[in-house]
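In the numbering used here, the protein residues as written are 33 to 438.
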């Protein structure tokens, strides 16, 4: 640290020649002049290093003791800057550069969003832009607390938001809200019906009356669990049965048979790159795009654009756009690979149909070409929950309705 301070203030190495050099050292100590690296060359000559600013006082003390001082070396920041005292263009450029850095550092050049998982970063940046926060805005003029409160009002999916300015970068820290569990209304009258044909393997009626049982065959739309619950009277009683409506709940696992089809053309249009390539470099300065190398006008009919943004290591984001020209060609599709692709798609579709709790017991594919299309059909035997909740349609018998007698 002392070396750094000495370099900033400037250091001078001098050669002192006098009858008694030690008298000069004593006077320096009395006057508080710091010196170091004392080297005795002979009885009347010594070399030492001191600070540049103490040279006028040191020369006066040398005259008092009849000592002759010669400057051997002068180094440090003041000597470095004095080299440019006659280079006015350099000094003006340096002053303008420092002024520009001091002025531009007060503007926001980049905005970083951290902490979001499901909410897109683009959605948060767009909402900030609606509030006037964008690259190029004057940083000290932003009210961080007010902006955070406005963002919380506009975006209900956020539970926390904070805005911090770090130099030319604006850091937006967000926390997403945890959605409350869906409220299940158990007082609504609903039935559970079959969403497809099947053979019942297991019945789990948690609420409501089970209409079918294990081993029954059901068709799509048949009621599996009824929302009308029957309350039988006590044994040996003449009281009528009572009924009330509720929300049927439960699971009905059944063996089902699914037929799913997917098609793909036997020919495809692909890109054939021509080898033509062009690069354009630009700056994102204060929210504006400034091209610095190359032109973005492209005369090719078809091309790909690849954009790379370098913003982490530079105060001003630099954008590189690469354009690659191509032509469209029609080629024949490899039928084996195409069928394998459709089979993977059909497997994924069946997995979505049967759900997480379901499974595909057996699966067979049938592929054929018709009218320029490859058609693949999947014949699957599955085990799944076929229950589907729908509004109840049953009517409680009038004579046995569960009601209070007048």
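Every residue gets a Cβ at the ideal spot worked out from N, C-alpha and C, and that includes glycine.
Between the Cα of residue 311 and those of 265, 203, 324, spot the shortest distance and give me the residue it belongs to. Measuring C-alpha to C-alpha distances from residue 311 to each of 265, 203, 324 identifies 324 as the nearest.
What span of residues does the alpha helix (DSSP H) with residue 456 cover, start to end? The chain is shown from 33 up to 438; residue 456 falls before or after that span and cannot be answered.
Spatial distance of residue 211 from residue 266 (CA atoms): So the alpha carbons of these two residues sit roughly 46 Å apart.
Please classify residue 94: is it buried, with 16 or more other beta-carbons within 10 angstroms of its beta-carbon, or exposed? Buried: at least 16 other Cβ atoms inside 10 Å.
May I ask which residues mark the beginning and end of the alpha helix (DSSP H) holding residue 95? Bounds of the alpha helix (DSSP H) holding residue 95 are 87-96.
For residue 481, which of 313, 152, 363, 368 has the nearest alpha-carbon? Limits of the chain in this structure are 33 at one end and 438 at the other, which puts residue 481 out of reach.
List, from N- to C-terminal side, the beta strand (DSSP E) runs of 3 residues or more that fit wholly inside the segment 39-72. The segment 39-72 contains these whole beta strand (DSSP E) runs: 43-49.
Among 35, 272, 87, which residue has its Cα nearest to the Cα of residue 63? Per the Cα distances, 87.
So residue 293 packs on residue 239, CB below 8 Å; how close in whole Å? Contact doesn't hold; Cβ gap of about 38 Å is too wide.
Is it buried or exposed, residue 414, if we count other Cβ atoms within 10 angstroms and call 16 or more buried? Buried.
Can you have a look at residue 8 and say buried or exposed, based on whether 16 or more other CB atoms are within 10 angstroms of its CB? Residue coverage of the chain in this structure runs from 33 to 438, which leaves residue 8 outside it and unanswerable.
Simplified DSSP state of residue 148, which is helix, strand or coil: In the structure shown, residue 148 sits in coil (DSSP, three-state: anything other than H, G, I, E or B).
As assigned by DSSP and simplified to three states, the class of residue 436: Per-residue confidence for residue 436 stands at a pLDDT of 41, beneath the threshold of 50, marking its modelled position as unreliable; no derived number is given.
For the alpha helix (DSSP H) containing residue 120, list its first residue and its last residue. Run containing residue 120: 120-136, per the alpha helix (DSSP H) assignment.
When 134, 89, 84 are compared against residue 110, the one with the closest alpha-carbon: When each option's Cα is compared against that of residue 110, the closest is 84.
What are the boundary residues of the beta strand (DSSP E) that residue 350 is part of? Note, residue 350: beta strand (DSSP E), 350-364.
By a C-beta neighbour count over all protein chains shown, 10 Å radius and 16 as the cutoff for buried, is residue 382 buried or exposed? Classification of residue 382: buried, given that the 10 Å Cβ count is 16 or more.
Evaluate contact between the segment 142-150 and the segment 69-80, counting only Cβ atoms and requiring at least three cross-stretch pairs below 8 Å. Judged by Cβ distances under 8 Å, the segment 142-150 makes no contact with the segment 69-80, as fewer than three pairs qualify.
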